[in-house]
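In terms of our numbering, the sequence shown opens at residue 31 and continues consecutively.
Note that beta-carbon positions come from the ideal geometry of N, C-alpha and C, so glycine has one too.
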Amino acid sequence: MSPASTGASAIPGAVMSVPAPASASASDTRMTPGGPGYRRMSLALFLAGVATFALLYSTQALLPLISGEFGVAASEASWTVAAATGGLALFVLPMSALSERFGRRTIMTASLVVAVTVGVLVPFAPSLGTLVALRAVQGAALAGLPASAQAYLAEEVRPKALVTAIGLFVAGNSVGGMSGRVITGWVAQEWGWRTAVGVIGVVAVLCAVAFRLLLPAPRHFAAGSLRPRILLGTVRGHLSDPLLRRLYAIGALFMTVFGGVYTVIGYRLTEAPFSLPQGIIGSVFLVYLVGTVSASTAGRLVGRFGRRGALYLAGGTTAAGLLLSLVPSIPLVLLGLVLITAGFFAGHAVASSAVSKTATHGRAQASALYQSAYYVGSSVGSTVGATAFHASGWAGTVTVGVLAVLGVVAITVLGSHAARTAARREPVAAH
31 MSPASTGASA IPGAVMSVPA PASASASDTR MTPGGPGYRR MSLALFLAGV ATFALLYSTQ
91 ALLPLISGEF GVAASEASWT VAAATGGLAL FVLPMSALSE RFGRRTIMTA SLVVAVTVGV
151 LVPFAPSLGT LVALRAVQGA ALAGLPASAQ AYLAEEVRPK ALVTAIGLFV AGNSVGGMSG
211 RVITGWVAQE WGWRTAVGVI GVVAVLCAVA FRLLLPAPRH FAAGSLRPRI LLGTVRGHLS
271 DPLLRRLYAI GALFMTVFGG VYTVIGYRLT EAPFSLPQGI IGSVFLVYLV GTVSASTAGR
331 LVGRFGRRGA LYLAGGTTAA GLLLSLVPSI PLVLLGLVLI TAGFFAGHAV ASSAVSKTAT
391 HGRAQASALY QSAYYVGSSV GSTVGATAFH ASGWAGTVTV GVLAVLGVVA ITVLGSHAAR
451 TAARREPVAA H
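Laid out in structure tokens, this is it:
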């Protein structure tokens, strides 16, 4: 693999790839910083990002409380997370196709309306089965946001301002994911998990209303036709590319580690010898801020070590954090989470940006396939990690994570071998 710098698509939630910059002429009517509508558009998409990821992971910090109320093990309660991320994984590609036909703003608005409506209903779920079903619908609806937001930006914002605009949307993703977990942790400590997810639902409603009022009407969208045959042909082409398949697998495996660790960590910290209150456990998710930093430095890592070297470093950092987290000491567990988070975000940034560089056509679909694999990894990590915890404690979850990291290393080694083989063939072909 050749080195590749990171881009916006390197961040969770970024699905559509950014088109190559084009020169902007004086007659270019697309938005630019300081120009009409730009600030409203930026705030609208920031709020959409907050709502999306606050809702998507709203139950993750609350799993011990959900287990307690319904009398189920961690492996069963974890389905409230896995169902949401699984629903998103399944619907990212269809939603990206629908946005080509019906418009980016229309699909984003419809997605938020459905997702926040379900969010208001979630606190009243009478059983775990109902809760899981509602979360699956919510995840499927939320797929319309990452599938459409970057396409809207690419069409409505001048190329020179595109990275900044996408950065604000991505910031909303990370802020929503982190704050949703922290807020639910503290609210649940006082009033229970149902009130906590209800608060997130209300916050998401307010964000959705503000989004619809603020987002400028599209001026440069040209509707396309829904041609499943062409879409399926593009998807088949991407899946037949060995390099893209390896990148999809790497993203899924990294997310398997991350999903498993953060689904189960609440259970571990509520048990002896830690016995932490729910509010403190929710605050552990502030560690996500480390990921923002590591993802932003991934480009420099690739420049220095190459893409494969950066993946080895990310995998090694993640594995070191997993092993360190086995020590029954709060400072060392937190340091372990820092290393796991830094390694995951760096690895995800390297792999997802490589997808955009590798795909020579149908980049939107290539990125959507990566996101599907990524969220499948989240669902698998949540359920398998929780099952392993139920069977063998935290050591079981760590074992699942280490095996996933070994998978990343094995795939990267396979890529190195494939690159060397291709390099040896080139001189032969030249003759």
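- Using a Cβ distance threshold of 9 Å, Q308 and Q219 count as a contacting pair.
- Under the 10 Å beta carbon count, F154 is surrounded by fewer than 16 other beta carbons and is classified as exposed.
- The three-state secondary structure of V162, taken from DSSP, is helix.
- DSSP places V187 within a strand segment (E or B) once states are collapsed to three.
- Ranked by Cα distance from L92, the first of L433, M125, G312 and L369 is G312.
- With respect to the 9 Å criterion, T115 and G289 are classified as neighbours on the basis of their beta carbons.
- Take A74, set aside five residues on each side of it, and the residues of its chain with a beta-carbon closer than 6 Å to its own are F241, L244 and L245, in chain order.
- By the beta-carbon neighbour count (other beta carbons within 10 angstroms, threshold 16), P94 is buried.
- Inter-segment contact for the region 418-434 and the region 378-393 is absent: fewer than three beta-carbon pairs are separated by less than 8 Å.
- Sixteen is the threshold: since fewer than 16 other Cβ atoms of the shown chains lie within 10 Å of the Cβ of V357, the residue is exposed.
- A distance below 6 Å between beta-carbons, with the five flanking residues on each side excluded, links Y400 to the following residues of its chain, in chain order: Y278, G281, S382 and V385.
- With respect to the 9 Å criterion, I370 and V287 are classified as neighbours on the basis of their beta carbons.
- The alpha-carbon separation between L236 and L436 amounts to approximately 43 Å.
- R60 places its beta carbon 9 Å or farther from that of W109.
- When the alpha-carbon of V146 is set against those of L128, Q168 and A349, the nearest one is in Q168.
- Between F375 and G210 the beta-carbon gap is near 18 Å, outside 8 Å, which marks them as no contact.
- The Cβ atoms of T347 and A372 lie closer than 9 Å to each other.
- Secondary structure at E99: helix, using DSSP grouped into helix, strand and coil.
- By the neighbour-count criterion, in which 16 or more other beta carbons inside 10 Å mark a residue as buried, E301 falls on the exposed side.
- Taking L433 as reference, the option from M125, S355, G411 and R69 with the minimal CA-CA separation is G411.
- In summary, V443 is exposed, with fewer than 16 beta-carbon neighbours lying within 10 Å of its beta-carbon over all protein chains present.
- Bounds of any alpha helix (DSSP H) do not take in E301, whose DSSP letter is neither H nor E.
- Between S409 and A173, the CB-CB gap reaches or exceeds 9 Å.
- In this structure, A119 is the residue among A119, P156, T427 and V320 with its C-alpha nearest to the C-alpha of A170.
- C-alpha of D271 to C-alpha of Y405: approximately 20 Å in a straight line.
- For the pair L142 and L175, the CB atoms are nearer than the 9 Å cut-off.
- Taking 9 Å as the cut-off, the Cβ atoms of I295 and L367 count as close.
- From the listed residues V162, L123, S88 and R70, the smallest Cα separation to A226 is found for S88.
- In the DSSP annotation of this structure, V357 is not part of any alpha helix (DSSP H), being labelled neither H nor E.
- F284 is a Cβ neighbour of G377, given a cutoff of 9 Å.
- Residue burial is scored here from C-beta neighbours: I260 has fewer than 16 other C-beta atoms within 10 angstroms and is therefore classed as exposed.
- When R135, A452, A453 and S402 are compared, the shortest CA-CA separation from F121 is found for S402.
- With 16 or more other CB atoms across the displayed protein chains lying within 10 angstroms of its CB, W424 is buried.
- For the region 78-156, there is no continuous beta strand (DSSP E) assignment of 3+ residues that stays within its boundaries.
- The shortest CA-to-CA distance from V111 to any of L161, R131 and F132 is the one to L161.
- The alpha-carbon separation between F132 and H250 amounts to approximately 13 Å.
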